Structures are given as C-alpha cells and as structure tokens.
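Report on one structure; see the data block that follows.
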C-alpha cells in the first residue's frame, strides 16, 4: 500500500507543480493588492518600471507582447469551439445515423468561414492601429511612445504567429483530432468546455469592473508631463494633438482659476482659456486625486466621483484584461496537453511548454507595467482572480456533466466499437452502469 501511494504521488507531481504555480500567482496578487492599496505605492512602481521605455528594444518588445493580449486569446477560443462542435456532430451522427448531420457535418466550410472572417477583420484592425491617427498624426501610438519602426514589425510578427496557430489548429481539429476513434471517449470536448469557461470566468470581472471602477491609466494621470516631453521631442505630433478634439487623454479642469496653478505645467493659461476649438485635455490629474485600485470613479460610484465628470479622461484600467488573456492562452494549452501521450519525448515537451507558458505570463506582466498599459495593481488583481476562476471553471464543467449528461455518456466510447456486436453489448453495459450510478440504484441485466 505504501509503495502504491508513493507511485501515485510521483505520477501526480506535475499537477502539484501546476497548482503550486497558480497558488504563487494568487499569493502575488493578494500581497500586491494590499501594498498598492496605498495609491502612492502604485504610482512609484509605475515610475520605476516606465524608465525602461527609454530603450528602443524595450519599446519594440512591449508592442509585440501587448499585441498578443489584444487578439491572441480569440485564436485560442475558436479551436475550442470547433472541438465542441465536432463532438456534437459526432454524437448526432451516432444517435441519428440517417439524419442531416450524418451527411453534412463533415464539411469544413463553417470552420474555414469563421477563421477567414476573423483573419480579415483582425488584419484590418491592426492596419488601423499602426497606421491610423489616434490623436498625434498618422502612424504614432502614444501608449508605446513610438512610431512605425517598432510598431509595424512587432505587430506583424505577433499577427503572423497568431494566425498561423489559428489555421493550423483549425486544420488539426477537423482533419486529425476529430477522426480519432477515441475522440469522444477521451473527452476532448470536456477539456474545451473547461478552457472556454475558464476564459469566461477570467473576463467576467474584467468586463464588469472596468466600467464600474472607471480607473484612469497612469499615462492619463501624468499626461501633462508626457505632453511636454512630446512637445520637445516631436513638435509636429504635439501640434497635431493640440489642434484636434477627438482624442482626449489628459484632464480638463473645470475651475477657471487655473492661472499660476501647478496643473498648468508650463502651458499658456490664455491659450487654454480662450481657444474653445482646441484640445484642452492637456493636464496632469489634480495632485489631491486618489486613483487607488479600490476607489471607484465609474458607475460603482453611483454618479458621484470626487472629481467633476467633465474633467475625467475616459479610460478603464482596472483590472487587466491582457493578463487574463495570457492566463487563458496558457491554460488552454495546459488543459489539452495534460492527458496526452505517455511517451518520454512528449512528457519532456509538455514540461518545457509549461515553463514557457509561465515565462510568457511573467513577460506579459512586465510588458504591461513597463509600457504603462496597466498599473501594477491592475495586474495583481487578475493574478489573484486566476485561482478562483480556475477552480470555478473545473467545478462548473464537472457539475454540469455529472448532473445533465449521464444519459448521454454511454455513447462516448470508441467509434470503432459502435457497430460491432461486442461494441453494442459494451454500450448497453456502460449505459446501465451510468444510469445506476446516477439514480443511486443497481440495475440488473436481463
């Protein structure tokens, strides 16, 4: 018994490592949420990390990594949907061998259509991102504090990797994975459900908290300083921003008594007070404002934030959706690799992939902070939520399968057994066993 227990523990050490890594991310999130609960600590962390943006390599690197957070998770969601659809089609072909699915479900056109629409849409969106005008003229993005020479190569490389994965995964699911005899028995569909529900649980708080808290990004808080630097380094970009009113990144105090105020930050008061057709959102946030992660300025504040609504830049920083995307992509790969081949080469590759996944999450974390795309506390909250999201997704899928699918599970056996005499007997036996377990009674075969 002792030897058997040791062997079981040894075989499960990879799961222990994975759970430990998740626990470390959760612990990191909790500790840093406490530390950054004092707003000045969050500000100091942003100031320290942002010093890295003075290096050209760091600017290009952050543009590449953050691009993955924009669209990368969707390229992982599509194949999971395809796995579930393939399982559904295969099930329908079994229960209705002469029905519509038996003659039409093998077509690849639905997958190709969805993948093609996403490819075209995301290419068009990316062209706008690195060639469009977001307030400073054609081909300049203030978030990365850089122009074409870094953004275009970084975005293009990231996009090629994403789309290559999407098309290869689409091909593999339809033409390889779904053709396996154990496709239903191995429960790939269940793993796909866990992955999709996990991504959903990760993003639900993001979608609710972002407008609820209405938190400003760090570059909104210090926009006056950033704009002064742009005025020195690139006067044409500065003039373009000042002479347009569509994009407003800074603050526009409503108090007319600004002359001599530190908020002016060297800007001409007469210009601000007299030119109604020019951009007035050019200031730092008020010095007494508190933008801590726990303080709401959105609809959680019930319409009564401590700053006038007209002076707030429209941003939603808290929490980080990019970190959620990184966790979602890595978790999807882990879920599908966790029950694969037992061959030594596969196991080694899986472990290397796990390490790469953890490093990718850490890379996303620091890229977001260095580029001021997020506060440290935004990232910390998503790290904390990783643990509950993982547990709830696993619990949801297993509870639903246990309570709603017991009458269907007898079909989820190797397809090569379906039409053989032995296979039919196996199906009946499995069906009775599952029903007996479900209803809490023993059913005897006649």
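In our numbering, the protein residues as written are 11 to 456.
Glycine included, every Cβ here is placed at the ideal spot set by N, Cα and C.
This structure is a prediction, so every number in the text was calculated from the model and none was measured.
Mind checking whether residue i and residue j have CB atoms under 7 Å apart?
| i | j | result |
| --- | --- | --- |
| residue 300 | residue 49 | yes |
| residue 393 | residue 39 | yes |
| residue 337 | residue 396 | yes |
| residue 234 | residue 307 | no |
| residue 345 | residue 204 | yes |
| residue 335 | residue 75 | no |
| residue 6 | residue 219 | The shown model of the chain, from 11 to 456, leaves out residue 6, and the question about it has no answer. |
| residue 325 | residue 198 | no |
| residue 257 | residue 406 | no |
| residue 77 | residue 160 | no |
| residue 131 | residue 332 | no |
| residue 5 | residue 367 | Outside the modelled stretch of the chain, which goes from 11 to 456, sits residue 5, for which no answer is possible. |
| residue 386 | residue 46 | yes |
| residue 121 | residue 184 | yes |
When the Cα of residue i is compared with those of the options, which residue comes out closest?
| i | options | result |
| --- | --- | --- |
| residue 290 | 262, 311, 307 and 305 | 262 |
| residue 31 | 402, 364 and 410 | 364 |
| residue 535 | 93, 131 and 138 | Outside the shown range of the chain, which is 11 to 456, sits residue 535, and nothing can be said about it. |
| residue 208 | 225, 236, 95 and 340 | 340 |
| residue 288 | 305, 71 and 248 | 248 |
| residue 23 | 387, 361 and 401 | 361 |
| residue 52 | 131, 302, 81 and 217 | 302 |
| residue 83 | 385, 28 and 173 | 173 |
| residue 57 | 169, 252 and 236 | 236 |
| residue 25 | 347, 151 and 403 | 347 |
| residue 168 | 70, 260 and 121 | 70 |
| residue 81 | 41, 34 and 136 | 136 |
| residue 95 | 355, 401, 305 and 202 | 202 |
| residue 244 | 194, 151, 358 and 42 | 151 |
| residue 222 | 402, 129, 327 and 141 | 327 |
| residue 408 | 296, 304 and 200 | 200 |
| residue 129 | 400, 59, 217 and 171 | 171 |
Is it right to say residue i is buried, meaning 16 or more other beta carbons lie within 10 angstroms of its own, or is it exposed?
| i | result |
| --- | --- |
| residue 90 | buried |
| residue 54 | exposed |
| residue 133 | exposed |
| residue 294 | buried |
| residue 410 | exposed |
| residue 429 | Bear in mind that the predicted position of residue 429 carries a pLDDT of just 47, short of 50, making it too unreliable to give a figure here. |
| residue 29 | exposed |
| residue 375 | buried |
| residue 253 | exposed |
| residue 27 | exposed |
| residue 422 | For residue 422, the predicted structure reports a pLDDT of 48, less than 50, and the residue's modelled location is therefore unreliable. The matter cannot be settled from this model. |
| residue 44 | exposed |
| residue 35 | buried |
| residue 355 | exposed |
| residue 358 | exposed |
| residue 193 | buried |
| residue 33 | exposed |
Within 7 Å of any Cβ in chain B, is that where the Cβ of residue i sits?
| i | result |
| --- | --- |
| residue 131 | No chain B appears in this structure, which consists of one protein chain only. |
What are the uninterrupted segments assigned as alpha helix (DSSP H) that are 4 or more residues long and contained completely in the stretch 133-194, given in chain order? 158-185
For the stretch 121-140 against the stretch 175-187, are there 3 or more C-beta pairs whose distance is under 8 Å? Per the Cβ contact rule, the stretch 121-140 is in contact with the stretch 175-187 (3 or more Cβ pairs under 8 Å).
Indicate whether the contact test is met: 3 or more Cβ pairs, each with one atom in the stretch 209-219 and one in the stretch 240-260, closer than 8 Å. no
Would you check if the stretch 88-102 and the stretch 179-195 touch, i.e. whether three or more CB-CB distances between them fall below 8 Å? When Cβ pairs closer than 8 Å are counted between the two stretches, the stretch 179-195 is seen to touch the stretch 88-102, the count reaching three or more.
Is it true that the stretch 387-405 meets the stretch 80-99, where meeting means three or more beta-carbon pairs spaced less than 8 Å apart? Below 8 Å, too few C-beta pairs join the stretch 387-405 and the stretch 80-99 to call them touching: fewer than three.
Counting Cβ pairs, one atom from each stretch, are 3 or more of them under 8 Å apart for the stretch 59-72 and the stretch 367-381? yes
Please specify which runs of the alpha helix (DSSP H), each continuous and at least 4 residues long, are wholly inside the stretch 324-401, giving them in chain order. 331-347 and 354-380
Which runs of the beta strand (DSSP E) fall wholly inside the stretch 20-52 and span at least 3 residues, in chain order? none
Mind pulling the alpha helix (DSSP H) runs of 4 or more residues that sit fully within the stretch 73-110? Whole alpha helix (DSSP H) segments, 4+ residues: zero.
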